[in-house]
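Trainee: Let me begin by handing over the structure; questions about it come next.
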(Lines of atoms letter the chains of each structure in order from A and count residues from 1; the text may use other names and numbers.)
(Lines give C-alpha, C1' and ligand atoms only; values in the text may rest on other atoms or scores of the structure.)
Protein backbone atom coordinates (compact mmCIF):
# COMPACT_ATOMS: atom_id res chain seq x y z
CA UNK A 1 0.00 0.00 0.00
CA UNK A 2 1.63 3.25 -1.11
CA UNK A 3 1.87 6.35 1.06
CA UNK A 4 3.07 8.56 -1.77
CA UNK A 5 0.65 11.25 -2.88
CA UNK A 6 0.39 12.13 -6.58
CA UNK A 7 1.71 15.70 -6.87
CA UNK A 8 -0.25 18.43 -8.65
CA UNK A 9 0.50 18.85 -12.34
CA UNK A 10 1.89 22.35 -11.99
CA UNK A 11 2.46 25.18 -9.54
CA UNK A 12 -0.39 27.23 -11.06
CA UNK A 13 -2.77 24.30 -10.78
CA UNK A 14 -1.70 23.72 -7.19
CA UNK A 15 -2.42 27.30 -6.13
CA UNK A 16 -5.78 27.32 -7.93
CA UNK A 17 -7.11 24.18 -6.24
CA UNK A 18 -5.56 24.04 -2.77
CA UNK A 19 -7.98 24.92 0.02
CA UNK A 20 -5.83 26.10 2.92
CA UNK A 21 -2.60 25.77 4.88
CA UNK A 22 -1.73 23.21 7.54
CA UNK A 23 1.49 22.67 9.50
CA UNK A 24 3.01 19.23 10.09
CA UNK A 25 5.92 18.72 12.46
CA UNK A 26 8.44 16.35 10.91
CA UNK A 27 7.01 16.11 7.40
CA UNK A 28 10.16 14.30 6.21
CA UNK A 29 10.09 11.71 8.97
CA UNK A 30 7.88 8.63 9.20
CA UNK A 31 4.29 9.37 10.26
CA UNK A 32 4.71 13.05 9.41
CA UNK A 33 5.58 12.17 5.83
CA UNK A 34 2.43 10.07 5.48
CA UNK A 35 0.22 12.78 6.99
CA UNK A 36 1.75 15.41 4.70
CA UNK A 37 1.17 13.23 1.64
CA UNK A 38 -2.47 12.71 2.62
CA UNK A 39 -2.97 16.47 3.10
CA UNK A 40 -1.43 17.17 -0.31
CA UNK A 41 -3.69 14.52 -1.84
CA UNK A 42 -6.64 16.45 -0.43
CA UNK A 43 -5.28 19.65 -1.98
CA UNK A 44 -4.17 21.25 1.27
CA UNK A 45 -1.03 23.39 1.37
CA UNK A 46 1.56 21.94 3.75
CA UNK A 47 4.24 23.68 5.75
CA UNK A 48 6.59 21.66 7.91
CA UNK A 49 8.51 22.57 11.03
CA UNK A 50 11.48 20.21 11.10
CA UNK A 51 14.87 19.67 12.63
CA UNK A 52 15.98 17.98 9.39
CA UNK A 53 15.36 20.50 6.58
CA UNK A 54 17.94 18.80 4.36
CA UNK A 55 15.60 15.83 3.96
CA UNK A 56 13.26 17.95 1.86
CA UNK A 57 15.71 18.05 -1.02
CA UNK A 58 14.13 19.85 -3.96
CA UNK A 59 10.57 19.11 -2.88
CA UNK A 60 8.67 22.31 -3.70
CA UNK A 61 5.29 20.97 -2.56
CA UNK A 62 6.07 21.60 1.13
CA UNK A 63 7.18 24.86 2.76
CA UNK A 64 10.10 24.21 5.12
CA UNK A 65 10.62 26.03 8.42
CA UNK A 66 12.98 25.18 11.31
CA UNK A 67 11.67 23.52 14.45
CA UNK A 68 13.57 25.38 17.15
CA UNK A 69 11.93 25.08 20.56
CA UNK A 70 14.18 27.81 21.97
CA UNK A 71 12.83 30.32 19.44
CA UNK A 72 9.25 31.03 20.48
CA UNK A 73 8.77 34.02 18.14
CA UNK A 74 10.11 31.92 15.27
CA UNK A 75 7.68 29.11 16.03
CA UNK A 76 4.79 31.56 16.19
CA UNK A 77 5.79 32.96 12.79
CA UNK A 78 6.07 29.46 11.30
CA UNK A 79 2.59 28.55 12.58
CA UNK A 80 0.91 31.81 11.58
CA UNK A 81 -1.62 31.62 8.77
CA UNK A 82 -2.23 27.90 9.21
CA UNK A 83 -5.52 26.29 10.18
CA UNK A 84 -4.43 23.00 11.73
CA UNK A 85 -1.24 21.75 13.37
CA UNK A 86 -0.50 18.03 12.95
CA UNK A 87 2.02 17.20 15.64
CA UNK A 88 4.17 14.07 15.33
CA UNK A 89 7.09 15.35 17.44
CA UNK A 90 8.44 13.06 20.14
CA UNK A 91 11.62 11.25 21.13
CA UNK A 92 11.68 7.46 21.17
CA UNK A 93 14.56 7.16 23.65
CA UNK A 94 16.91 9.50 25.53
CA UNK A 95 19.91 10.58 23.50
CA UNK A 96 22.38 13.31 24.32
CA UNK A 97 20.53 16.19 25.95
CA UNK A 98 17.17 14.99 24.66
CA UNK A 99 14.94 12.82 26.84
CA UNK A 100 11.24 12.32 27.46
CA UNK A 101 10.97 15.17 29.99
CA UNK A 102 12.63 17.48 27.48
CA UNK A 103 10.12 16.32 24.84
CA UNK A 104 7.25 17.18 27.20
CA UNK A 105 8.58 20.70 27.74
CA UNK A 106 9.20 21.16 24.02
CA UNK A 107 5.65 20.05 23.26
CA UNK A 108 4.28 22.57 25.74
CA UNK A 109 6.26 25.31 23.99
CA UNK A 110 4.94 24.21 20.60
CA UNK A 111 1.31 24.22 21.80
CA UNK A 112 1.78 27.66 23.37
CA UNK A 113 3.18 28.97 20.09
CA UNK A 114 0.21 27.43 18.25
CA UNK A 115 -2.21 29.32 20.48
CA UNK A 116 -0.28 32.56 19.98
CA UNK A 117 -0.34 32.00 16.21
CA UNK A 118 -4.10 31.47 16.07
CA UNK A 119 -4.06 27.78 15.15
CA UNK A 120 -7.68 26.60 15.08
CA UNK A 121 -7.10 22.87 15.70
CA UNK A 122 -4.33 20.53 16.78
CA UNK A 123 -4.14 16.87 15.80
CA UNK A 124 -1.61 15.16 18.05
CA UNK A 125 -0.12 11.70 17.52
CA UNK A 126 0.22 10.04 20.91
CA UNK A 127 0.39 6.36 21.99
CA UNK A 128 -1.94 3.67 23.28
CA UNK A 129 -2.31 3.55 27.07
CA UNK A 130 -0.68 6.85 28.08
CA UNK A 131 -0.80 7.30 31.86
CA UNK A 132 0.49 9.88 34.30
CA UNK A 133 1.14 6.97 36.69
CA UNK A 134 2.92 4.77 34.17
CA UNK A 135 6.23 3.26 35.31
CA UNK A 136 7.54 3.89 31.78
CA UNK A 137 8.81 7.44 31.03
CA UNK A 138 7.64 7.15 27.40
CA UNK A 139 4.00 6.51 28.32
CA UNK A 140 4.10 8.91 31.26
CA UNK A 141 5.50 11.64 29.05
CA UNK A 142 2.87 11.04 26.39
CA UNK A 143 0.16 11.45 29.03
CA UNK A 144 1.71 14.74 30.20
CA UNK A 145 1.74 16.02 26.62
CA UNK A 146 -1.93 15.09 26.20
CA UNK A 147 -2.71 17.03 29.38
CA UNK A 148 -0.75 20.04 28.12
CA UNK A 149 -2.69 19.93 24.85
CA UNK A 150 -6.04 19.87 26.63
CA UNK A 151 -4.98 22.86 28.73
CA UNK A 152 -4.36 25.07 25.67
CA UNK A 153 -8.07 25.56 25.00
CA UNK A 154 -7.50 24.85 21.29
CA UNK A 155 -9.90 22.23 19.84
CA UNK A 156 -7.94 19.02 19.48
CA UNK A 157 -7.86 15.42 18.34
CA UNK A 158 -5.55 12.89 19.93
CA UNK A 159 -4.68 9.90 17.77
CA UNK A 160 -3.31 6.91 19.67
CA UNK A 161 -1.42 4.29 17.64
CA UNK A 162 0.52 1.41 19.18
CA UNK A 163 3.00 0.23 16.54
CA UNK A 164 3.32 1.22 12.88
CA UNK A 165 4.09 -0.77 9.77
CA UNK A 166 4.36 0.16 6.10
CA UNK A 167 6.50 2.65 4.24
CA UNK A 168 10.03 2.76 5.61
CA UNK A 169 9.00 1.73 9.11
CA UNK A 170 11.65 0.37 11.44
CA UNK A 171 10.21 -2.34 13.68
CA UNK A 172 8.94 -4.95 11.20
CA UNK A 173 11.86 -4.30 8.84
CA UNK A 174 14.45 -4.80 11.54
CA UNK A 175 12.83 -7.97 12.86
CA UNK A 176 12.99 -9.26 9.28
CA UNK A 177 16.65 -8.17 8.99
CA UNK A 178 17.54 -10.05 12.17
CA UNK A 179 15.68 -13.14 10.98
CA UNK A 180 17.57 -13.00 7.67
CA UNK A 181 20.95 -12.74 9.42
CA UNK A 182 20.77 -14.57 12.75
CA UNK A 183 20.56 -18.34 13.20
CA UNK A 184 18.52 -17.84 16.40
CA UNK A 185 15.89 -15.22 17.28
CA UNK A 186 14.99 -14.82 20.96
CA UNK A 187 11.45 -13.96 22.09
CA UNK A 188 11.07 -12.80 25.67
CA UNK A 189 8.86 -14.77 28.02
CA UNK A 190 6.06 -16.77 26.43
CA UNK A 191 5.69 -14.25 23.63
CA UNK A 192 1.93 -14.17 24.18
CA UNK A 193 1.68 -10.38 24.49
CA UNK A 194 -0.26 -8.96 21.56
CA UNK A 195 0.66 -6.34 18.97
CA UNK A 196 -2.06 -4.09 17.50
CA UNK A 197 -0.19 -2.51 14.61
CA UNK A 198 -1.58 0.03 12.13
CA UNK A 199 -0.41 0.83 8.62
CA UNK A 200 1.11 4.30 8.50
CA UNK A 201 -1.20 5.32 5.63
CA UNK A 202 -4.24 4.33 7.68
CA UNK A 203 -2.86 6.48 10.50
CA UNK A 204 -2.50 9.40 8.10
CA UNK A 205 -6.08 9.08 6.89
CA UNK A 206 -7.37 8.91 10.47
CA UNK A 207 -5.33 11.97 11.46
CA UNK A 208 -6.43 14.10 8.51
CA UNK A 209 -10.07 13.11 8.98
CA UNK A 210 -9.73 14.11 12.65
CA UNK A 211 -8.35 17.46 11.51
CA UNK A 212 -11.60 18.15 9.69
CA UNK A 213 -13.66 17.70 12.86
CA UNK A 214 -14.27 20.46 15.39
CA UNK A 215 -14.90 18.53 18.61
CA UNK A 216 -12.31 17.36 21.11
CA UNK A 217 -11.79 13.68 20.44
CA UNK A 218 -9.49 10.76 21.21
CA UNK A 219 -9.12 8.02 18.59
CA UNK A 220 -7.48 4.63 19.06
CA UNK A 221 -5.55 4.17 15.80
CA UNK A 222 -5.28 0.40 15.54
CA UNK A 223 -5.46 -2.17 12.78
CA UNK A 224 -7.75 -5.17 12.37
CA UNK A 225 -5.31 -7.85 13.59
CA UNK A 226 -3.90 -8.63 17.07
CA UNK A 227 -1.21 -11.32 16.70
CA UNK A 228 0.88 -12.28 19.68
CA UNK A 229 4.49 -11.21 19.36
CA UNK A 230 5.50 -14.84 18.88
CA UNK A 231 2.94 -15.20 16.07
CA UNK A 232 4.20 -11.99 14.49
CA UNK A 233 7.84 -13.12 14.50
CA UNK A 234 6.86 -16.48 13.01
CA UNK A 235 4.83 -14.75 10.31
CA UNK A 236 7.76 -12.49 9.39
CA UNK A 237 10.14 -15.47 9.34
CA UNK A 238 7.84 -17.40 7.03
CA UNK A 239 7.28 -14.39 4.79
CA UNK A 240 10.99 -13.72 4.20
CA UNK A 241 11.94 -17.40 3.95
CA UNK A 242 14.20 -17.37 6.99
CA UNK A 243 15.44 -20.55 8.68
CA UNK A 244 16.21 -18.79 11.94
CA UNK A 245 15.28 -20.80 15.04
CA UNK A 246 12.82 -18.91 17.23
CA UNK A 247 13.31 -19.62 20.92
CA UNK A 248 11.63 -18.36 24.09
CA UNK A 249 13.92 -16.97 26.77
CA UNK A 250 13.51 -15.02 30.02
CA UNK A 251 12.98 -11.32 29.51
CA UNK A 252 16.33 -10.47 31.05
CA UNK A 253 18.05 -12.46 28.30
CA UNK A 254 16.26 -10.39 25.64
CA UNK A 255 17.39 -7.17 27.32
CA UNK A 256 21.01 -8.34 27.48
CA UNK A 257 20.94 -9.56 23.88
CA UNK A 258 19.41 -6.26 22.73
CA UNK A 259 22.11 -4.31 24.58
CA UNK A 260 24.80 -6.34 22.81
CA UNK A 261 23.15 -5.77 19.43
CA UNK A 262 22.89 -2.04 20.20
CA UNK A 263 26.68 -1.93 20.49
CA UNK A 264 27.27 -4.06 17.41
CA UNK A 265 24.82 -2.09 15.25
CA UNK A 266 25.68 1.31 16.75
CA UNK A 267 21.99 1.88 17.24
CA UNK A 268 19.18 1.48 19.78
CA UNK A 269 17.43 -1.65 18.58
CA UNK A 270 15.26 -2.14 21.66
CA UNK A 271 15.24 -0.46 25.06
CA UNK A 272 14.47 -2.09 28.40
CA UNK A 273 11.31 0.00 28.75
CA UNK A 274 10.15 -0.83 25.23
CA UNK A 275 10.41 -4.56 25.88
CA UNK A 276 8.75 -4.39 29.29
CA UNK A 277 5.92 -2.15 28.05
CA UNK A 278 5.27 -4.54 25.17
CA UNK A 279 5.32 -7.50 27.58
CA UNK A 280 2.77 -5.60 29.70
CA UNK A 281 0.45 -5.58 26.65
CA UNK A 282 0.70 -1.81 26.15
CA UNK A 283 0.99 -2.36 22.37
CA UNK A 284 -2.48 -3.91 22.31
CA UNK A 285 -6.08 -2.75 22.60
CA UNK A 286 -9.33 -4.68 22.47
CA UNK A 287 -11.48 -1.98 20.86
CA UNK A 288 -12.70 -1.94 17.27
CA UNK A 289 -10.24 -1.46 14.43
CA UNK A 290 -9.95 2.04 13.01
CA UNK A 291 -7.39 1.09 10.35
CA UNK A 292 -8.30 -1.31 7.58
CA UNK A 293 -4.97 -2.71 6.34
CA UNK A 294 -4.25 -6.21 7.63
CA UNK A 295 -0.66 -6.75 8.75
CA UNK A 296 -0.68 -10.34 7.47
CA UNK A 297 -1.71 -9.26 3.97
CA UNK A 298 0.88 -6.49 3.94
CA UNK A 299 3.60 -8.94 4.99
CA UNK A 300 2.70 -11.25 2.11
CA UNK A 301 2.80 -8.38 -0.40
CA UNK A 302 6.08 -6.86 0.82
CA UNK A 303 8.10 -9.88 1.94
CA UNK A 304 10.64 -9.65 -0.86
CA UNK A 305 11.77 -6.19 0.30
CA UNK A 306 11.59 -6.63 4.06
CA UNK A 307 14.84 -6.76 5.98
CA UNK A 308 17.16 -6.39 3.02
CA UNK A 309 18.85 -3.48 4.78
CA UNK A 310 18.93 -2.51 8.44
CA UNK A 311 17.08 0.71 9.41
CA UNK A 312 19.29 2.58 11.86
CA UNK A 313 17.33 4.96 14.12
CA UNK A 314 20.38 6.89 15.30
CA UNK A 315 21.47 7.54 11.72
CA UNK A 316 17.98 8.69 10.79
CA UNK A 317 17.46 11.10 13.65
CA UNK A 318 20.80 12.17 15.05
CA UNK A 319 23.73 11.53 12.71
CA UNK A 320 22.64 13.33 9.53
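Residue numbers (my numbering): 90 to 409.
For each residue, glycine too, the CB sits at the ideal point set by N, CA and C.
For residue 301, count the other beta carbons within 10 Å of its own beta carbon; 16 or more makes it buried, fewer makes it exposed. Which is it?
Mentor: Taking the chain shown and counting its residues from 1, one reaches residue 301 at position 212. Exposed is the call here.
Trainee: Got a sec, what are the start and stop residues for the alpha helix (DSSP H) residue 388 sits in?
Mentor: Against the chain shown, residue 388 aligns to sequence position 299. 384–391 is the span of the alpha helix (DSSP H), which, as asked, contains residue 388.
Trainee: What did DSSP end up calling residue 213 once you bin it into helix, strand or coil?
Mentor: Position 124 of the chain shown, counted from the start, is the residue given in the question as residue 213. Here residue 213 sits in strand by DSSP.
Trainee: Assuming residue 293 contacts residue 123 (C-beta within less than 8 Å), just tell me the rounded distance between them.
Mentor: For the purposes of this step, residue 293 is taken as residue 204 along the chain shown, with counting starting at 1. For the purposes of this step, residue 123 is taken as residue 34 along the chain shown, with counting starting at 1. Correct: roughly 4 Å between the Cβ atoms.
Trainee: In three-state terms, what does DSSP make of residue 291?
Mentor: Residue mapping note: residue 291 aligns to position 202 of the chain shown, counting from 1. It is helical.
Trainee: In the DSSP output, what is residue 108 paired with across the bridge?
Mentor: The count along the chain shown starts at 1 and reaches residue 108 at position 19. In DSSP, residue 108 forms no bridge with anything.
Trainee: What would DSSP say about residue 395, mapped onto helix, strand or coil?
Mentor: Looking up residue 395 in the chain shown gives position 306. In the structure shown, residue 395 sits in coil (DSSP, three-state: anything other than H, G, I, E or B).
Trainee: Find the nearest neighbour of residue 150 within the set 270, 134 and 164, judged by alpha-carbon distance.
Mentor: For this step, residue 150 is matched to residue 61 along the chain shown. Per the Cα distances, 134.
Trainee: On the DSSP bridge list, what partners appear for residue 249?
Mentor: Within the chain shown, residue 249 is the residue found at index 160, counting from 1. Residue 249 is bridged to 309.
Trainee: Select from 191, 365, 138 and 351 the residue whose C-alpha is nearest the C-alpha of residue 403.
Mentor: As a working note, residue 403 is residue 314 in the chain shown. Nearest option by C-alpha distance: 351.
Trainee: Within 10 angstroms of its Cβ, does residue 345 collect 16 or more other Cβ (buried), or is it exposed?
Mentor: Translated into the one-based positions of the chain shown, residue 345 becomes position 256. Exposed, since its Cβ has fewer than 16 Cβ neighbours within 10 Å.
Trainee: Select from 362, 173, 126 and 130 the residue whose C-alpha is nearest the C-alpha of residue 111.
Mentor: By one-based count along the chain shown, residue 111 stands at place 22. Considering only alpha carbons, the answer is 173.
Trainee: Enumerated in chain order, which unbroken segments of the alpha helix (DSSP H) with a length of 4 residues or greater are wholly contained in the stretch 169–227?
Mentor: Taking only runs of at least 4 residues, the alpha helix (DSSP H) segments lying wholly in the stretch 169–227 are 189–206.
Trainee: Judging by CA-CA distance, which residue of 190, 142 and 225 is the nearest neighbour of residue 234?
Mentor: By 1-based counting over the chain shown, the position of residue 234 is 145. Ranking 190, 142 and 225 by Cα distance to residue 234 puts 190 first.
Trainee: List in chain order: all unbroken alpha helix (DSSP H) runs of 4+ residues lying wholly within the stretch 340–379.
Mentor: Runs of the alpha helix (DSSP H) inside the stretch 340–379: 340–354 and 361–368.
Trainee: In three-state DSSP terms, what is residue 47?
Mentor: Because the chain in this structure spans residues 90 to 409, residue 47 falls outside the shown range and cannot be described.
Trainee: From which residue to which residue does the beta strand (DSSP E) around residue 152 run?
Mentor: The residue given as residue 152 occupies position 63 in the chain shown. That run of the beta strand (DSSP E) goes 151–155.
Trainee: Give me the Cβ distance between residue 119 and residue 257, rounded to the nearest whole Å; I'm assuming they're in contact under 8 Å.
Mentor: By 1-based counting over the chain shown, the position of residue 119 is 30. By 1-based counting over the chain shown, the position of residue 257 is 168. Confirmed, Cβ separation roughly 7 Å.
Trainee: Identify the continuous alpha helix (DSSP H) that holds residue 126 and give its terminal residues.
Mentor: Translated into positions along the chain shown, residue 126 becomes position 37. Counting along the chain, the alpha helix (DSSP H) containing residue 126 begins and ends at 119–130.
Trainee: Is it true that the CB of residue 368 sits closer than 8 Å to the CB of residue 358?
Mentor: As a position in the chain shown, residue 358 is number 269, starting the count at 1. As a position in the chain shown, residue 368 is number 279, starting the count at 1. Contact flag unset, no.
Trainee: Would you verify that the beta carbon of residue 403 is, or is not, closer than 8 Å to some beta carbon of chain B?
Mentor: Of the protein chains in this structure there is only one, and it is not chain B.
Trainee: Taking residue 260 as part of the alpha helix (DSSP H), name the residues at either end of that continuous run.
Mentor: Locating residue 260 in the chain shown gives position 171, counting from the first residue. Residue 260 -> alpha helix (DSSP H) spans 260–270.
Trainee: Take residue 250 as the anchor and find which of 223, 270, 260 and 310 has the nearest alpha-carbon.
Mentor: One-based indexing of the chain shown puts residue 250 at position 161. Among 223, 270, 260 and 310, the Cα nearest to that of residue 250 belongs to 310.
Trainee: Are there three or more Cβ pairs, one per stretch, closer than 8 Å when the stretch 239–246 is compared with the stretch 277–284?
Mentor: No, the stretch 239–246 is not in contact with the stretch 277–284.
Trainee: Could you tell me how far apart the beta carbons of residue 325 and residue 264 are, in whole angstroms, since I believe they sit closer than 8 Å?
Mentor: Residue numbering aside, residue 325 sits at position 236 when the chain shown is read from its first letter. Residue numbering aside, residue 264 sits at position 175 when the chain shown is read from its first letter. Confirmed, Cβ separation roughly 5 Å.
Trainee: Check residue 274 in the structure and name its three-state DSSP category.
Mentor: The residue labelled residue 274 in the question sits at position 185 within the chain shown. Reduced to three states, the DSSP call for residue 274 is strand.
Trainee: In whole angstroms, what separates the C-alpha of residue 371 from that of residue 383?
Mentor: The sequence position of residue 371 within the chain shown is 282, counting from 1. The sequence position of residue 383 within the chain shown is 294, counting from 1. Between residue 371 and residue 383, the C-alpha separation is close to 20 Å.
Trainee: Sort out for me which residues DSSP pairs residue 284 with in a bridge.
Mentor: By 1-based counting over the chain shown, the position of residue 284 is 195. None; residue 284 has no bridge partner.
Trainee: Quick one, are the C-beta atoms of residue 255 and residue 285 less than 8 Å apart?
Mentor: Working through the chain shown from its first residue, we reach residue 255 at position 166. Working through the chain shown from its first residue, we reach residue 285 at position 196. The answer is no: Cβ separation not under 8 Å.
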